[in-house]
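Chains as they are written, first to last, in my numbering: chain A, 1 to 112; chain B, 1001 to 1116. Below: the structure, in structure tokens.
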Amino acid sequence: GEDVEQSLFLSVREGDSSVINCTYTDSSSTYLYWYKQEPGAGLQLLTYIFSNMDMKQDQRLTVLLNKKDKHLSLRIADTQTGDSAIYFCAEKSGAGSYQLTFGKGTKLSVIP
Amino acid sequence: NAGVTQTPKFQVLKTGQSMTLQCAQDMNHEYMSWYRQDPGMGLRLIHYSVGAGITDQGEVPNGYNVSRSTTEDFPLRLLSAAPSQTSVYFCASSKNPLPSVTDTQYFGPGTRLTVL
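Here it is in structure tokens:
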């Protein structure tokens, strides 16, 4: 079945850029998503990218997709303490269902 | 708009007990879903619904029932609770099945369930 892998932890200094990486196995993935989860809260959709795109930029967020290597990354520019959270990568396969497969999440800690 | 509401926030059950987790949304969203989140794991889809009267199984449906008699409500029933069902449960809703930033998916605050 589909699998989505992420590194579990990332620590950066305030003001630096953060890069969170994700790999997936389903070559028929059509949509790839990044969600943010703050402590004690549900998930918040941050951004997404279609599989026919290489890059998408939205203010401080840049998503890069390497479809050949099945690698997705989320870059957060000028990381702030409010960016501290768990970030989940998720994919929607092209299999005709509405299910998303989520990674285990990367906990981003921002050091003031 | 209250968004997506879930009750209760916390619940402790004994093995074998049954209960219903409530989920409601006031945004007239057609698509609703239930996920569970276990420590160190991503969310896994339990059941989903694309509209009133229509439900379908997700990745981990065993031990759970759902119904969708109205657009607003999507309760999740645990038939006979087991310790393996200890988890945080999230309900989500969206206008369309595939979320986008302009048609985002809204999550409730979660229900933390412990089964002893």
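Note that beta-carbon positions come from the ideal geometry of N, C-alpha and C, so glycine has one too.
* To do: Anything in the region 1096-1112 of chain B with a Cβ closer than 7 Å to a Cβ of chain A? List those residues in chain order, please.
  => Hits within the stretch, in order: P1097, L1098, P1099, S1100, V1101, T1104, Q1105, F1107, G1108, P1109, G1110.
* Asked: Which whole-angstrom value is the C-beta distance of Y35 of chain A and A77 of chain A, which I expect to be below 8 Å?
  -> Within the first sequence, the letter at position 35 stands for residue 35 of chain A. Within the first sequence, the letter at position 77 stands for residue 77 of chain A. Actually they do not touch by this definition, with Cβ atoms about 19 Å apart.
* Compare the Cα-Cα distances from V4 of chain A to each of B:I1054, B:P1097, B:G1042, B:W1034 and report the closest residue. => Counting from one through the first sequence, the residue named residue 4 of chain A turns up at place 4. Nearest option by C-alpha distance: B:G1042.
* chain B contact for K104 of chain A (CB, 8 Å cutoff) -> Walking along the first sequence from the start, residue 104 of chain A turns up at place 104. It does: the Cβ of K104 of chain A has a partner Cβ on chain B nearer than 8 Å.
* **Within chain A, partners of F1090 of chain B - CB distance below 9 Å** => Indexing the second sequence from 1 puts residue 1090 of chain B at position 90. What F1090 of chain B touches in chain A: G42, L43.
* Does the beta-carbon distance from M1032 of chain B to Q1022 of chain B come in below 8 Å? -> Translated into the one-based positions of the second sequence, residue 1032 of chain B becomes position 32. Translated into the one-based positions of the second sequence, residue 1022 of chain B becomes position 22. No; because the gap between Cβ atoms is not below 8 Å, this pair is not in contact.
* Got a sec: is the Cβ-Cβ distance from K114 of chain A to anything in chain B below 8 Å? -> This structure does not reach residue 114 of chain A, given that chain A is present from 1 up to 112, and the question cannot be answered.
* H71 of chain A: buried (16+ other C-beta within 10 angstroms of its C-beta) or exposed? -> Reading the first sequence from its first residue, position 71 is the one you call residue 71 of chain A. With fewer than 16 other Cβ atoms within 10 Å, it is exposed.
* To do: Give every residue of the same chain whose Cβ lies closer than 8 Å to the Cβ of S17 of chain A, excluding the five residues on either side of it in the sequence, and list them in chain order.
  => Here residue 17 of chain A refers to the residue found at position 17 when the first sequence is read from its first residue. Answer for S17 of chain A: R75, I76, A77, D78, T79, listed in chain order.
* Could you tell me whether the region 15-34 of chain A touches the region 62-71 of chain A, where touching means 3 or more Cβ pairs closer than 8 Å? => Counting Cβ pairs under 8 Å, three or more are found: they touch.
* To do: List the whole-angstrom C-beta distance separating L45 of chain A from K104 of chain A, where the pair is believed to meet the contact cut-off of C-beta under 8 Å.
  => Here residue 45 of chain A refers to the residue found at position 45 of the first sequence. Here residue 104 of chain A refers to the residue found at position 104 of the first sequence. Not really, about 18 Å apart at Cβ, beyond 8 Å.
* **Residue environment, G1040 of chain B, which counts as buried when at least 16 other CB atoms sit within 10 Å** => Position 40 of the second sequence holds residue 1040 of chain B. Exposed.
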